[in-house]
Amino acid sequence: MKATTLRTFLALHTWVGLVAGMGLFIAFYAGAITVFVHELQGWERPAEATPTRAQGLAGAQVLVDRVLARHPEAGHNFYVTLPGEHGPRPLLYWFDEASARQYRFGMEGGTLRQAPARAGFVEFVYDLHFTAGLPRTFGMYLFGVFCVLYGLALVSGVVIYAPGFFKDLFALRLGRNVKRFWQDAHNVVGMLSLPFHVVFAWSGAVLTIGFVLLAPFQALVYQGRLLEILESDFEVAPHVAPAGEARPMLPVAELVRRAERALPGIAVESLSYHDAGDANAQVALSGALPQRRLNGVGVVALNAATGAVIEALPPAEYPPGMAFLRGLQHLHYGDFGAMAIKWLYFLLGMAGAFLFYSGNLLWIEARRKRREVRQPRRTRVMAALTLGVCLGCVAGVSAVFVAAALLPALAASSVYYAVFFLCLGWALLRRPADAANELLWACALLTAAVPVGGAIGSGDTLFAALVHGHWHRFFIDATALLMAAGFWRMAAAVRRRARAGDPHSVWAKPGAEAAGRGGRETAPR
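As numbered in the UniProt record's numbering, the sequence shown has no gaps in its residue numbers, which increase by one up to the final residue, 525.
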């Protein structure tokens with residue numbers, strides 16, 4: 001390949017990475033954590049006993065009746081999750097089109113309670129993965145653009161690395177040139193996790209801006225009929241207009257029983273109602289099937305008033321569009337396998353965050369003045385932004401966990417943004433060498449506080465969780481301690497680098513002594 005072509009791809013890879021890198025760092029870090037979204041649901045409070053199946057169905061029926069009595073407008077379309085993987089209590093969600101707001105209801109002590117939609121710390125971290133902390137109204141679309149740029153960075157990175165692929169794939173060259181070690185680590189992590197990154201970039205773009213990507217075809221090719229054509233490919237059963245005749249719906253328990261009879265083996269987890277109380281009311285019941293495949297969720301559509309089966313779809317019989325979209329969702333979320341798949345996705349997500357962080361550090365090192373103590377403003381600004389955004393995200397997420405355990409009434413978003421902008425401002429005001437050390441210490445302390453806060457809030461310490469078999473709490477707390485130790489080691493390395501590394505760097509403190517070290521460089525962090 002011509003040298004000019006390689007330089008073009010290198011420039012594309014560099015600038016696309018810089019434009020989208022910090023937002024994608026947040027997406028990967030938050031996404032790695034929310035792989036365990038169900039395990040995190042009850043982390044901040046003492047474990048609640050899951051009711052029996054009969055009790056859960058009875059509770060769901062009471063919840064449906066109470067919500068429809070208070071908010072009959074919810075009957076147009078609402079969603080119910082049953083006790084189990086989604087939590088120990090049934091929950092009901094509905095979206096008010098007039099106010100563009102989602103509402104969430106649950107039962108506490110026999111009383112109907114409304115909770116602010118997406119206000120919990122798990123929901124916030126989950127949204128952080130899709131929005132990078134920007135308002136949801138446009139943050140999701142911007143993230144979709146980042147995914148497209150991410151795909152460009154992957155393609156250009158493979159083109160750059162392809163000539164020496166087999167020779168340098170497992171090369172981690174330690175020595176005097178530590179920048180080369182960071183470059184090797186960046187390349188190895190990127191190439192070995194390439195299939196995951198391809199799936200994530202593709203699925204992320206489709207799930208966030210899929211309809212936007214269809215817009216040109218809708219307007220220019222299908223004369224406005226594309227969504228109408230695709231509708232049958234993405235719905236379990238075609239929607240029927242309301243009959244205008246009131247008719248009571250069958251109880252939740254009876255609907256679940258009929259779904260289990262229509263699709264043997266299904267473990268119903270959720271119900272989606274349309275036009276509740278009408279003779280043509282429909283309900284789609286979804287649940288896992290004992291099948292070893294990428295998509296193991298079956299769906300049964302019933303008439304909610306008569307219980308007549310409209311459609312029963314095991315995954316193998318999904319229409320092409322639904323099979324594609326559901327498969328892409330499972331690939332993106334990593335919920336198609338057992339706990340081993342979740343841990344693999346967690347590690348790959350953290351490796352992805354490292355990929356973008358290290359990419360920014362390599363850009364800074366490649367553009368610094370090697371024989372001048374005073375560095376260009378662009379390298380200092382990029383160093384400050386990298387530290388403030390990336391480490392601010394890490395510190396903010398840890399602070400959200402601590403606040404959720406100790407002050408559950410406090411909005412998770414308020415805690416995160418306060419910590420994030422404090423870190424960003426600190427990074428911009430301090431020298432990069434000082435800011436890196438101090439912010440890494442903040443990350444270490446806040447992350448170490450996660451199991452402490454959890455123990456205070458729930459009364460269940462790390463060792464008590466181990467003894468009592470509360471594995472979700474034990475592994476979350478133990479992982480937080482391991483990550484805190486990692487941040488502490490990074491802070492120590494940064495301090496050592498600032499004092500004894502190459503003085504011609506944004507990561508060096510003024511007056512750093514490098515004499516007698518042969519100008520040896522240490523890893524910039």
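Yeah, the Cβ is synthetic: ideal placement off N, Cα and C, and Gly gets one too. The structure presented is a predicted model; accordingly, all values stated were derived computationally and were not measured.
With which residues is residue i paired in a DSSP beta bridge?
i      : result
Arg113 : Gly106
Gln282 : His274 and Asn303
Trp94  : Phe78 and Tyr103
Glu317 : Looking at the DSSP assignment, Glu317 forms no beta bridge with any residue, so it has no partner.
Gly287 : Val268 and Gly298
Ala246 : Asp278
Could you check what DSSP says for residue i in three-state terms: helix, strand or coil?
i      : result
Thr5   : helix
Ile266 : coil
Gly133 : coil
Glu235 : coil
Glu438 : helix
Glu254 : helix
Val309 : strand
Gly87  : strand
Gly298 : strand
Val125 : helix
Ala241 : coil
Phe36  : coil
Pro524 : Caution is warranted here: a pLDDT of 39 is assigned to Pro524, below 50, making its placement in the model unreliable, and no coordinate value can be reported.
Trp43  : coil
His332 : helix
Ala409 : coil
Pro432 : helix
Pro451 : helix
Arg225 : coil
His504 : coil
Arg371 : In this predicted model, Arg371 has a pLDDT of only 45, less than 50, meaning its place in the structure is not dependable; the value taken from the coordinates is given anyway. Correct three-state label for Arg371: coil.
Gly352 : helix
Gly151 : helix
Arg293 : coil
Gly23  : helix
Gly120 : coil
Note down, in chain order, each residue of its chain lying with its Cβ closer than 6 Å to the Cβ of residue i, except the 5 sequence neighbours on either side.
i      : result
Val252 : Leu57, Ala60 and Gln61
Thr4   : none
Ala205 : Gly144, Cys147 and Val148
Val415 : Ala399, Val400 and Ala403
Phe95  : Gln102
Leu18  : none
Phe124 : Ala412 and Ser413
Met483 : Thr447
Leu40  : Val122
Gly352 : Phe28
Leu63  : Pro90, Leu92 and Met107
Phe420 : Gly392 and Gly396
Pull up the CB-CB distance for residue i and residue j, whole angstroms please, since I reckon it's below 8 Å.
i      : j      : result
Val397 : Tyr29  : 7 Å
Arg104 : Leu91  : 6 Å
Leu466 : Phe474 : 5 Å
Gly362 : Gly388 : One point to set straight first is that residue 362 is Leu, not Gly, in the sequence displayed. 18 Å between Cβ atoms; not a contact.
Ala153 : Val16  : 5 Å
Gly287 : Ile310 : The Cβ separation is near 17 Å, so there is no contact.
Ala276 : Met249 : 6 Å
Glu85  : His38  : 5 Å
Arg497 : Trp507 : 6 Å
Leu348 : Ser458 : That pair is no contact at about 30 Å.
For the alpha helix (DSSP H) holding residue i, just list the boundary residues, first then last.
i      : result
His197 : Leu194 to Leu220
Ala508 : Where Ala508 is concerned, there is no enclosing alpha helix (DSSP H), given that its DSSP letter is neither H nor E.
Phe336 : No alpha helix (DSSP H) holds Phe336; DSSP gives it neither H nor E.
Asp65  : Arg53 to Arg70
Trp488 : Trp471 to Ala500
His468 : Leu462 to His468
Phe421 : Ala412 to Leu429
Cys393 : Gly392 to Leu406
Leu385 : Arg377 to Thr386
Val389 : Neither: Val389 is in no alpha helix (DSSP H) and is coded neither H nor E.
For residue i, I'd like the list of residues in its chain whose CB is within less than 7 Å of its CB, leaving aside the five on either flank, ordered along the chain.
i      : result
Ala491 : Asn437, Leu440, Trp441 and Ala444
Tyr150 : Ala20, Leu24 and Ala201
Ile341 : Gly334
Pro238 : Ser232
Who are the Cβ neighbours of residue i in its own chain at under 8 Å, not counting the five residues just before and after it?
i           : result
Gly23       : Ala132, Leu142, Phe143 and Phe146
Phe234      : Pro319, Gly321, Met322 and Leu325
residue 531 : Nothing can be reported for residue 531, as the shown portion of the chain is limited to 1 through 525.
Pro314      : Leu263, Leu289, Gln291 and Gly298
Gly224      : Gln218
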